[in-house]
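Participant: Before I ask anything, let me first share the structure, which is written out below as structure tokens.
In my numbering, the protein residues as written are 2 to 256.
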């Protein structure tokens with residue numbers, strides 16, 4: 002693996018809460034234009050590690066690098082500006098607004114309150130054609146262009162998940178971190194969501210780091226898997242091999 006292939010790297014990251022080492026010397030390298038899964042049992046340190054990466058926690062030791070730049074300890078809004086986006090950094094969808102309007106609001110390019118007032122007055126179609134074209138491209142990417150006028154409150158669970166992903170895409174992120182993007186979604190729709198994520202990677206060169214528990218669905222779509230347990234990295238490698246690893250079977254699968 003060449004250094005230019007790496008978009009995100011952590012080096013010996015430690016995060017403690019009192020005597021608990023929630024993340025204990027974790028080093029990972031995330032390749033660009035890949036789907037990478039971050040898995041592990043509850044309390045394994047996944048969310049804490051992602052909180053360190055995205056700036057919500059400062060590590061007690063170690064460094065975080067994004068696109069070769071040391072971002073350790075930067076606040077979340079600065080990391081967001083660098084185009085590393087965690088999906089919940091985008092405000093929750095406005096229930097009574099359409100899918101298209103929700104995408105426009107989420108764009109990092111929207112011009113603030115004046116733009117919001119234009120949306121409320123239904124004048125956005127003449128306001129900024131470039132943003133609207135961008136939103137339609139995202140709708141096409143995710144296969145939801147046929148529901149662009151539907152209100153968010155009318156969407157299914159799967160459609161809401163796709164809208165959340167679309168709103169992250171409107172930020173022009175180079176790396177998107179998703180937290181359980183198929184939670185609460187039926188298996189058929191869950192596979193459809195991961196199919197769209199795969200298309201984002203293959204066709205649009207997006208990089209995705211995903212925390213996920215439903216491995217039966219997620220593993221076939223992944224390029225690389227990291228497994229944490231008790232704050233330590235216990236596996237880094239192929240999705241095809243992860244369920245064969247003795248340490249993973251012992252702590253994650255229960256054997």
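No residue lacks a Cβ here, since even glycine has one placed at the ideal position from N, Cα and C.
1. If residue 166 sits next to residue 143, beta carbons under 8 Å apart, how far is it from one beta carbon to the other, in whole angstroms?
2. Report the option in 21, 24, 41, 76 whose CA atom is closest to the CA atom of residue 249.
3. Is the beta carbon of residue 84 closer than 7 Å to that of residue 175?
4. Along the alpha helix (DSSP H) that carries residue 196, what are the first and last residues, could you check?
5. Name the DSSP beta bridge partners of residue 226, please?
6. Taking the CB atoms as reference points, tell me whether residue 33 and residue 208 lie closer together than 7 Å.
7. Please report how far the alpha carbon of residue 154 lies from the alpha carbon of residue 171, in whole angstroms.
8. Measure the C-alpha to C-alpha separation of residue 129 and residue 136 and round it to an integer number of angstroms.
9. Below 8 Å on the Cβ atoms is my contact criterion, and I expect residue 177 with residue 169 to pass it. Report the Cβ-Cβ distance as a whole number of Å.
10. Going straight from the alpha carbon of residue 221 to that of residue 69, what length do you get?
11. First and last residue of the beta strand (DSSP E) that includes residue 16?
12. Can you check DSSP and say which residues form a bridge with residue 208?
13. Does the beta-carbon of residue 182 have 16 or more other beta-carbons within 10 angstroms, so that it is buried, or is it exposed?
14. Classify residue 18 as buried or exposed, calling it buried when 16 or more other Cβ atoms lie within 10 Å of its own Cβ.
15. State the start and end residues of the unbroken beta strand (DSSP E) segment that holds residue 62.
16. I'd like the span of the beta strand (DSSP E) that includes residue 32, first residue to last.
17. Does the beta-carbon of residue 197 have 16 or more other beta-carbons within 10 angstroms, so that it is buried, or is it exposed?
18. Taking the alpha-carbon of residue 235 as reference, which of 54, 47, 61, 211 has the nearest alpha-carbon?
19. Taking a contact to mean a Cβ-Cβ separation below 7 Å, would you say residue 36 touches residue 162 in this structure?
20. Please check if any C-beta of chain C sits within less than 7 Å of the C-beta of residue 208.
21. Per the DSSP calculation, residue 233 is bridged to which residue(s)?
22. Should residue 63 and residue 14 be called a contact, given that it needs their Cβ atoms to be closer than 7 Å?
Facilitator: Let me lay it out:
1. 6 Å
2. 41
3. yes
4. 188-205
5. 38, 238
6. yes
7. 20 Å
8. 11 Å
9. 5 Å
10. 29 Å
11. 7-18
12. 176
13. buried
14. exposed
15. 62-67
16. 21-32
17. buried
18. 47
19. no
20. Absent from the structure is chain C; it holds one protein chain and no more.
21. 230
22. yes
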